[in-house]
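Each protein sequence line maps, in turn, to chains A and B. Going by the numbering used here, the residue at position 171 of the first sequence is 260; the numbering climbs one at a time, nothing skipped. Going by the numbering used here, the residue at position 148 of the second sequence is 152; the numbering climbs one at a time, nothing skipped. Notes to accompany the following structure.
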Amino acid sequence: MMRQMAGRYIPGDSVLHNIIPSAKLFSFILIIAAVIFTNTVVGYGAMVAFTVCVVLYSNTPIEGLIKSIAGMLPFFAVIFVMNSLFYSSDNPIWKFWFITLSKEGMIQGLNVVFRIAIIIIISGVLTQTTSTMGLMSGIETLIKPLKYIRVPVEEVAMILSVALQFIPTLIEESDKIKKAQIARGARFESEKLSERAMAMLPMIVPLFLSSFKRADELSMAMESRGYRGAKGRTPKARESLDRLSVMSIIACAALCALEVII
Amino acid sequence: MSIELKNITHIYEPGTPFEAAALNNVSLEIREGEKIGLMGRTGCGKSTLIQIMAGLIKPLNGNVIIDGIDIDEEGYDRTGLRQKLGIVFQYPEVQLFETTAYKDVAFGLKYSDLTPEEKDENIRWAFEITGFDPDKVGSKSPLELSGGEKRRLAIAGVLAVRPKYLILDEPIAGLDPVAREKFLKLLRDLNEEGMTIIMISHNADAIAGFADRTIVMSNGRIEIEGDTKTVFMDRPKADEAGISVSTAGRIAGMLRDRGIDVSEDVMSESELLKELCVHFNNDNRSEDQT
């Protein structure tokens, strides 16, 4: 069974679920740009307000987001301490050898932590409101311009989407094989590291074998349904920019502009 | 000595949007030496039940007591449990991983206290009972075997520890009729030697011909439980739980409709055959008298 994790797609019908994936991805990039440009108090306020709105409009369970942020706290602490102690400043509060504790350093540390936290929340919301297939079609749309420099865009998208689609299957499969081997006496629960490493073998070998078999079967199934590369394929559903999606891009672009100006 | 399940309740991923109830207050006792058939529609909780029985899933609530000891007790001998209870999953052939068939079958005995000679004897027994010649097949790679052979080899790997309890999840799915009969005979032989067998199957014929006792599950509960004949005879309840009549039972019904006197409780092929023999012998005798 898959563990509950922040960022796993939850089907729904919120405003954010309904923005077309390519527009959502583009908005996401704009927000990241905005976060990077943020460096005034007003800017922070706007960013926080925006993030709160995004979370509210997405119907994301708040506990999941809090949990994912809480899990990052040690990491945040390290970033903050590193920045506070190693920022080269002209007026340090306290200096010892190569360590300089400064106000600027502390501000810089908070800055970085804030940016990472916002990006984690926003990307969590993105993946929670967009199915993997949606993300794939979004990426495919966004990288389309690369076709002009002869990047095989459709093939790349197909490879990515096949890979992504098989992740749940593989998790299920590995879970099943693991249980079968435990029942035969394999010791994954073992304390000894050497035993545990060896014990992975009965799981990895069957997983590899079945993945190859699956890949074989999949390619045959695709060919038998007429797949012969991306040439001549038409998209399953043509996405058109609707009002909601345009508005989302405009809002994010405005936010980005605001953060750049102030 | 028995496997006892007490008030087992299990929910997958509780407290998430993916929450799914699997078992609802299930209690069950399986005595040593029984042949149990476990039936029910897809998603009724059969697989969860057997995995809890084998200690592979810890239930949210309730106790699993094997041979009088709660398996979730502190310091329970898990290695001992693995030697005592074997489980054959659906499509067990995926679990083969060793370089030779012999090594793969030996895998379960790695942590056993037996002497090397005893282990070798067990392994040879497992090969032979599943229809292999250990000297011929033992050194082959499992990948060289055919699909049916792979499945038998995987089952040999589970049998090598000579478990007291053997649980099988849909072991006959995808086997041809001859292989299926052979396999059910193997299970019967193992049971004669004292092995307790719990088999999940959708195949009414296989269950009717094999199990002493049948358990039918529906929506995470035990819906019907009793000796196989009673379960299959209770048509309204069985139909509701999606349990079809066995082929032999259906033929017996057709014969009755055409006025041939076949008793109502015919479920398996052998019973039908017996009934028909009695019937024809009686006919012959009455003809002789006239």
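We put the CB at the ideal spot given by N, CA and C, even for glycine. Quick caveat, the model's predicted, so the values are computed rather than measured.
Assigned secondary structure, residue i (DSSP; H/G/I helix, E/B strand, else coil)
i	result
residue 215(A)	helix
residue 165(B)	coil
residue 341(A)	helix
residue 261(B)	helix
residue 93(A)	With a pLDDT of only 47 at residue 93(A), under 50, the local geometry of the prediction cannot be trusted, and no value is derived from it.
residue 275(A)	coil
residue 225(A)	helix
residue 105(B)	helix
residue 172(B)	strand
residue 230(B)	strand
residue 254(B)	helix
residue 74(B)	strand
residue 211(B)	helix
residue 134(A)	helix
residue 206(B)	coil
residue 121(B)	helix
Cut-off 7 Å between Cβ atoms - residues of its own chain near residue i, not counting five sequence neighbours on either side
i	result
residue 282(B)	none
residue 154(B)	97, 100, 146
residue 245(B)	44, 220, 222, 227, 228
residue 62(B)	76
Proximity to residue i [Cα-Cα], best of the options
i	options	result
residue 218(A)	130(A), 97(A), 318(A), 345(A)	97(A)
residue 192(B)	79(B), 273(B), 215(B)	215(B)
residue 155(A)	193(A), 211(A), 119(A), 108(A)	211(A)
residue 253(A)	276(A), 199(A), 161(A), 220(A)	220(A)
residue 225(A)	246(A), 125(A), 263(A), 276(A)	246(A)
residue 48(B)	225(B), 15(B), 141(B)	225(B)
residue 167(A)	208(A), 295(A), 143(A), 195(A)	195(A)
residue 217(B)	195(B), 223(B), 230(B), 116(B)	230(B)
residue 342(A)	114(A), 258(A), 150(A)	114(A)
residue 284(B)	265(B), 135(B), 251(B)	265(B)
residue 76(B)	247(B), 152(B), 10(B)	10(B)
residue 143(B)	102(B), 171(B), 173(B)	102(B)
residue 189(A)	176(A), 100(A), 199(A), 201(A)	176(A)
residue 222(A)	320(A), 248(A), 299(A), 303(A)	248(A)
residue 271(A)	166(B), 195(B), 94(B), 87(B)	87(B)
residue 199(B)	59(B), 90(B), 33(B)	90(B)
residue 320(A)	262(A), 299(A), 241(A), 259(A)	241(A)
residue 33(B)	57(B), 64(B), 17(B)	57(B)
Contacts of residue i in chain B (Cβ-Cβ under 7 Å)
i	result
residue 99(A)	21
residue 266(A)	98, 99
Residues that residue i contacts on chain A, provided the C-beta gap is smaller than 7 Å
i	result
residue 112(B)	273, 274
residue 60(B)	268, 271, 272
residue 75(B)	Per Cβ cutoff of 7 Å: no residues; residue 75(B) is ~13 Å from chain A at best.
residue 162(B)	273
Neighbouring residues, chain A, relative to residue i (Cβ below 9 Å)
i	result
residue 96(B)	269
residue 83(B)	274, 276
residue 131(B)	What residue 131(B) touches in chain A: nothing, since even the nearest Cβ is about 16 Å away.
residue 115(B)	274, 276
Contact set for residue i: own chain, Cβ-Cβ below 8 Å, skip 5 residues either direction
i	result
residue 93(A)	Low per-residue confidence applies at residue 93(A): pLDDT is 47, beneath 50, and the placement is therefore not dependable, though the value from the model is reported in the following sentence. The residues are 153.
residue 185(A)	none
residue 276(A)	284, 285, 288
residue 104(A)	146, 147, 333
residue 144(A)	151, 154, 210, 214
Same chain only: Cβ atoms within 6 Å of residue i, ignoring 5 sequence neighbours per side
i	result
residue 126(A)	348, 349
residue 229(A)	246
residue 123(A)	344, 345, 348
residue 35(B)	6
residue 272(B)	212, 213, 252
residue 331(A)	none
residue 228(B)	220, 235, 241
residue 74(B)	67
residue 90(A)	Because the pLDDT of residue 90(A) is 37, which lies under 50, any placement of that residue in the model is unreliable, and the number read from its coordinates should be weighed accordingly. Within the same chain, residue 90(A) has no close Cβ partners at all.
residue 197(A)	172, 176
residue 201(B)	39, 170, 191, 195
residue 141(B)	105
Under 8 Å by beta carbon: chain B residues contacting residue i
i	result
residue 295(A)	98, 99, 100, 101
residue 290(A)	101
Under 9 Å by beta carbon: chain B residues contacting residue i
i	result
residue 299(A)	98
Does the region 34-44 of chain B come close enough to the region 200-212 of chain B that 3 or more CB-CB pairs lie under 8 Å? Touching, per the Cβ criterion.
Under 8 Å, with one C-beta from each stretch per pair, do the region 240-257 of chain A and the region 60-74 of chain B reach the 3-pair mark? In short, these stretches do not touch, since the Cβ pair count stays below three.
Whether or not the region 258-266 of chain B and the region 74-84 of chain B are in contact is what I'm after, with contact meaning three or more pairs of Cβ atoms, one per stretch, closer than 8 Å; do they touch? The region 74-84 of chain B vs the region 258-266 of chain B: no contact.
Are the region 304-313 of chain A and the region 112-119 of chain B touching by the rule of at least three beta carbon pairs closer than 8 Å? Judged by pairs of C-beta atoms under 8 Å, the region 304-313 of chain A does not touch the region 112-119 of chain B, as fewer than three such pairs exist.
Whether or not the region 126-135 of chain B and the region 169-180 of chain B are in contact is what I'm after, with contact meaning three or more pairs of Cβ atoms, one per stretch, closer than 8 Å; do they touch? Judged by Cβ distances under 8 Å, the region 169-180 of chain B makes no contact with the region 126-135 of chain B, as fewer than three pairs qualify.
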